[in-house]
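Chemist:
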Amino acid sequence: MQNTISSHEAASQRSARWDWSALRDLLIVVATLVVVKQSLLPFTYLYAGPASTFSAMAVGSYLLWRRGSGWRDLGLRWPQSWLKTIGLTLLTMAAFIAATQSMQLVADLLFEDVGASGRFDHVEGNLAAYIGIMALVWTHGSFFEELLFRAFVIDHASRFGGGGLRADLVAAIVSSIFFGYRHYYYQGMHGALISGAGGLAFALLYIWFGRSNILPLVFAHGIFNSLAQTLRFLGIRD
2 MQNTISSHEA ASQRSARWDW SALRDLLIVV ATLVVVKQSL LPFTYLYAGP
52 ASTFSAMAVG SYLLWRRGSG WRDLGLRWPQ SWLKTIGLTL LTMAAFIAAT
102 QSMQLVADLL FEDVGASGRF DHVEGNLAAY IGIMALVWTH GSFFEELLFR
152 AFVIDHASRF GGGGLRADLV AAIVSSIFFG YRHYYYQGMH GALISGAGGL
202 AFALLYIWFG RSNILPLVFA HGIFNSLAQT LRFLGIRD
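The numbering of the sequence shown is my numbering, which starts it at 2 and goes up by one.
(1) Can you tell me whether DSSP reads Ile174 as helix, strand or coil?
(2) DSSP state of Ser16, grouped into three classes?
(3) Roughly how many angstroms lie between the CA atoms of Thr90 and Tyr46, to the nearest whole one?
(4) Within 10 angstroms of the Cβ of Glu146, are there 16 or more other Cβ atoms? Answer buried if so, exposed if not.
(5) Once you ignore the five residues that flank Ile132 on each side, which residues in its own chain have a CB closer than 8 Å to its CB?
(6) Please state whether DSSP places Thr231 in a helix, a strand or coil.
(7) Report all residues from its chain with a CB closer than 6 Å to the CB of Val219; omit the five preceding and five following residues, and keep chain order.
(8) Can you tell which of Gly50, Ile98, Arg238 has its C-alpha closest to the C-alpha of Gly200?
(9) Whose C-beta lies closer than 6 Å to the C-beta of Leu24 among residues of the same chain, with five residues either side of it excluded?
(10) Report back the beta-carbon spacing between Ile224 and Ala108 to the nearest angstrom; my notes put them in contact at under 8 Å.
(11) Rank Arg212, Val35, Val124, Met135 by C-alpha distance to the C-alpha of Trp72 and give the top, closest one.
(12) Starting from the C-beta of Ser53, find all residues in its chain whose C-beta is less than 6 Å away, skip the five residues before and the five after it, and write them out in chain order.
(13) Using a threshold of 8 Å, state whether the C-beta atoms of Phe112 and His191 are closer than that.
(14) Sorted by chain position, which residues of the same chain lie with C-beta nearer than 7 Å to His123's C-beta, five sequence neighbours on each side aside?
(15) Measuring CA to CA, which of Ala221, Leu235, Ser159 is closest to Ile174?
(16) Locate the alpha helix (DSSP H) running through Arg67, then write down its first and last residues.
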């Protein structure tokens, strides 16, 4: 009888590890990202991605609110120290460069580098287009992507897995794979691998920061994208 009770208790404890509501909310947000982007790609190559993150932010905000939570609980907080935030931003940028450059050595051996497949060619020499793309950089391409692909995905995937370091690391890998996939449609497999490596560096730093400080990732992401679009506007090629 004791063995039977112990077996039942162990099964109950294993079942309690899985937070099914976290998985449900995660799948809803991921589905929003995928369905909206894939639905719009035949009509707009440039805005399908941003439209999907805007939509997912609205859905994610509602799901968090329904739980009595919010983006602040996932790390979107006013910094207690701007000096520390700047330091962590520089660290994040260094980690991103190291991860992406290392992966590029592998990607160059395996796949053709198609760049951005002309997605942003209209920005070159076009001030209005540059201003518009910079607005997207500091919404969709920094805040929204970090809040969704790092904060939301990692938090919910980890909670589904029962929390703890192991669940966090699995969640980080899941988020980086999905982040790489998000770039495949215009960067090919070469760009997807590099983006995934950069996403993994960001994910591990988010966990290291205690999942309580997303701003260094947001700022680093925004700075990199701003530099890329500024060089493109000026007609400066690699």
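We put the CB at the ideal spot given by N, CA and C, even for glycine. The model shown is predicted, which means the values in this text are computed figures rather than measured ones.
Modeler: In short:
(1) helix
(2) Caution is warranted here: a pLDDT of 45 is assigned to Ser16, below 50, making its placement in the model unreliable, and the coordinate value is therefore given only provisionally. If DSSP states are grouped into helix, strand and coil, Ser16 belongs with the helices.
(3) 30 Å
(4) buried
(5) none
(6) helix
(7) Ser143, Phe144, Glu147
(8) Ile98
(9) Phe161
(10) Going by Cβ atoms, the distance from Ile224 to Ala108 rounds to 23 Å, so no, they are not a contact pair.
(11) Arg212
(12) Leu34, Val37, Lys38
(13) yes
(14) Ala130
(15) Ser159
(16) 49 to 67
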